[in-house]
Amino acid sequence: MKNKIITNAVLKIDPQFINEVLPFAIETRNHILLEEGCEIFILMRKTDEPHTLVIFAVYTSKQTYDWHLEQDYVKSFFAFLNGKLTNTPEVTYLEEI
1 MKNKIITNAV LKIDPQFINE VLPFAIETRN HILLEEGCEI FILMRKTDEP
51 HTLVIFAVYT SKQTYDWHLE QDYVKSFFAF LNGKLTNTPE VTYLEEI
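The opening residue of the sequence shown carries number 1 in UniProt numbering; numbering runs sequentially from there.
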């Protein structure tokens, strides 16, 4: 459906912080999976770059995606990442065909 929001985000974590970031990322994912409107949320890391996290997510609408971004656990996770990333997160928006 065209009203779905589909994202693919790549987060390159400074290798010295990956062991701090992973538990918080998993905890945040667990909250997100309970959100109404979140169809898919997969947290992965690259096998050849284990400090690079990849998130694939599907939300039922822009409204549910916007609501997701306003949740305290999402904001806390991104605030926690401050100073722990090697570059700006790369977010790609996709559409189903």
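Backbone N, C-alpha and C define an ideal beta-carbon position, used for all residues, glycine too.
Using CA atoms only, rank isn't needed, just tell me which of the options is closest to residue i.
i, options, result
"C38", "T92, H68 and E95", "H68"
"Q16", "L81, M44, T88 and E96", "L81"
"Y65", "L53, E35 and N87", "E35"
"A57", "K12, E95 and I13", "E95"
"R29", "K62, D48, S76 and K46", "S76"
Is the separation between the beta-carbon of residue i and that of residue j shorter than 7 Å?
i, j, result
"I18", "H51", "yes"
"T92", "N3", "no"
"L33", "F41", "yes"
"L11", "P89", "yes"
"K84", "I26", "no"
"H31", "Y59", "no"
For residue i, decide whether its Cβ has a neighbour in chain D, counting only Cβ atoms nearer than 7 Å.
i, result
"I40", "No chain D appears in this structure, which consists of one protein chain only."
In the DSSP output, what is residue i paired with across the bridge?
i, result
"I13", "L85"
"F56", "N8 and I42"
With a CB to CB cut of under 7 Å and the five nearest residues on each side skipped, what residues in its chain are close to residue i?
i, result
"R45", "T52, L53 and V54"
Looking at the secondary structure, which residues open and close the alpha helix (DSSP H) in which residue i lies?
i, result
"T47", "Segment: none, T47 is in no alpha helix (DSSP H) and carries neither H nor E."
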